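In the order they appear, the protein sequences are chains A and B. Heads up: the first sequence runs through residues 1 to 202, numbered per the numbering used here. Heads up: the second sequence runs through residues 1001 to 1202, numbered per the numbering used here. We treat Cβ as the ideally placed atom computed from N, Cα and C, and that holds for glycine. A quick note: this is a predicted structure, and the numbers were derived from the prediction, not measured. Worksheet for the structure shown next.
Number of protein chains: 2
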Amino acid sequence: MAEALTSEAILAATEEVLRRYGPAKATVVDVAKALGVSHGSVYRHFPTKAALREAVTRRWLDAIHVAMEPRFDQGLTAAETLRAWLQKLFDRKRHSHVDEPELFATFRVLVSESQNIPEYHVDHLVGQVARIIQAGVDTQEFVTDDVPKTALAVWDATEKFHHPAHAQEWGDPHIQDAFDAVVSLVIAGLRYNRIPSAAGDA
Amino acid sequence: MAEALTSEAILAATEEVLRRYGPAKATVVDVAKALGVSHGSVYRHFPTKAALREAVTRRWLDAIHVAMEPRFDQGLTAAETLRAWLQKLFDRKRHSHVDEPELFATFRVLVSESQNIPEYHVDHLVGQVARIIQAGVDTQEFVTDDVPKTALAVWDATEKFHHPAHAQEWGDPHIQDAFDAVVSLVIAGLRYNRIPSAAGDA
DNA sequence: GGACTGACAGATTTCAATATCTGTCAGTCC
DNA sequence: GGACTGACAGATATTGAAATCTGTCAGTCC
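Written out as structure tokens, the structure reads:
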């Protein structure tokens, strides 16, 4: 018996097993085997298999949240910052999907397994969008009377470029053109947007 | 032997069998049974099971295309016409999904079985959007230097409200708010949009 | 003679027996 | 005595043999 078994070591081993076997085949027994312990030991650290998977997923998403943290010290306009942020998110997801399709698919499954996780992830990223839009409102570059609602609208309007259900379309050679066109349209809208209380502004 | 077996009768029977058994269980033998003929007879009219299913699907989509045909004689602005058109499409899909989830899922599967069918459907509807946008450009209500490309951008930006991959979200009580926010943003964008050749307008 | 049948080969699906996995817990071992 | 094991019950997944389905075509029937 070398070191004491830690939650951290279990998470690392689980990630490795998920990479190797995929989400359908990866078992708690496999994780225990990789660690050289009985699977009962894993259950002293995580109450269920679902909780273990969720912990791995949350760790992975947190790394994305940190990487996507918007910067405001680059001397860019809010529109440029927003475009760059959306492009960065798209590039990350697209490259992940294209370069490591199986790993991407694995995390796709893991995320969709839980109710809370996708909500947690989306809320966090929409919060980052809201901060960029708020910066634009502060400089009078953007117009909106409800920043959080507008941030969600920007998120929803760019769904095609971040929602994993559309991942297959990310291989299309014209996808960058489609991205540019949607982002341009959205940014043009932000300069003049006013969300109606009723549907009466059209 | 009553009437001669027609392609039309086979299509109707296939639709009925699909409704009753769903896409996974519906077989050519079932269709033949429903018509009181041998399944060999069905193959005199359609070369393969896939072709038969595709014919049923195309028929169903054509009905949508007709129903969605935009009207320009209502005295509405282009923005109002576009919002109403998008709302109508969303309402159709949402009610179909909510009221007859199994039938909707069946057609979802049928459409996704073929490469050509979704492309055919999307091209047709984006063409209708383009005509609305063109009308807006003609009245100087909208600004764009590339109508088809902008129409596609509008389609892509509203993906969440027509792509069946998002159907589960259509039950959300706030989905209409999300729709209104995205459409307002897009329409605001259309009033000022100019798609960049490079990505340099942000 | 042209529409239809029904038997057929190969492909796909179903189903039930078998194996594996999850989560628990009494017992072992430093 | 607290971390760990391993046997266990019930749930889930795998497998392969049997059944069904797809697509063909020689033959039947008006």
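With a contact defined as Cβ atoms closer than 8 angstroms, residue 1133 (chain B) and residue 1070 (chain B) miss out at about 10 angstroms. With contacts defined as CB atoms closer than 8 angstroms, residue 39 (chain A) and residue 10 (chain A) fail to qualify as a contacting pair. Not one beta carbon of chain B lies nearer than 8 angstroms to the beta carbon of residue 89 (chain A). Check the Cα spacing between residue 1093 (chain B) and each of B:1186, B:1043, B:1175: the tightest is with B:1175. Around the CB of residue 142 (chain A), 16 or more other CB atoms lie within 10 Å, so the residue is classed as buried. Below 8 angstroms, enough C-beta pairs join the segment 80-93 of chain A and the segment 149-163 of chain A to call them touching: three or more. The segment 1012-1027 of chain B makes no contact with the segment 158-166 of chain A; the number of CB pairs closer than 8 angstroms stays below 3. A contact between stretches requires three or more CB pairs, one per stretch, nearer than 8 angstroms, and the segment 1099-1116 of chain B meets this requirement with the segment 1042-1061 of chain B. With contacts defined as CB atoms closer than 8 angstroms, residue 192 (chain A) and residue 1178 (chain B) fail to qualify as a contacting pair. About 6 angstroms separates the beta carbons of residue 103 (chain A) and residue 19 (chain A), which is inside the 8 angstroms limit, making them a contact pair. In the structure shown, residue 1141 (chain B) falls within a coil segment according to DSSP collapsed to helix, strand and coil. Measuring C-alpha to C-alpha distances from residue 68 (chain A) to each of A:127, A:25, A:148 identifies A:127 as the nearest. Residue 120 (chain A) has a beta carbon lying at 8 angstroms or more from every beta carbon in chain B.
Here residue 34 (chain A) has 13, 16, 17 as same chain residues with Cβ atoms under 8 angstroms from its own Cβ, once five neighbours each way along the sequence are excluded.
Boundaries of the alpha helix (DSSP H) harbouring residue 99 (chain A): 78-99, taken from the DSSP string.
1149, 1150, 1152, 1153, 1154, 1156, 1157, 1158, 1159, 1160: these are the residues of the segment 1144-1161 of chain B whose beta carbon lies less than 8 angstroms from some beta carbon of chain A, given in chain order.
When the alpha-carbon of residue 1097 (chain B) is set against those of B:1021, B:1164, B:1025, the nearest one is in B:1164. When secondary structure is reduced to three states using DSSP, residue 27 (chain A) falls in the coil class, being assigned neither helix nor strand.
Distance from the CA of residue 64 (chain A) to the CA of residue 1091 (chain B), rounded to the nearest whole angstrom, comes to 35 angstroms. Per DSSP, the continuous alpha helix (DSSP H) segment holding residue 1157 (chain B) begins and ends at 1147-1157. Residue state for residue 179 (chain A) is assigned as helix, using DSSP reduced to three classes. Legend: CB atoms of the segment 1027-1039 of chain B lying less than 8 angstroms from CB atoms of chain A are not found in any residue. Straight across, the Cα-Cα distance linking residue 1073 (chain B) with residue 1135 (chain B) is about 12 angstroms. Legend: CB atoms of the segment 1179-1194 of chain B lying less than 9 angstroms from CB atoms of chain A belong to residues 1179, 1180, 1181, 1182, 1183, 1184, 1185, 1186, 1187, 1188, 1189, 1190, 1191, 1192, 1193, 1194.
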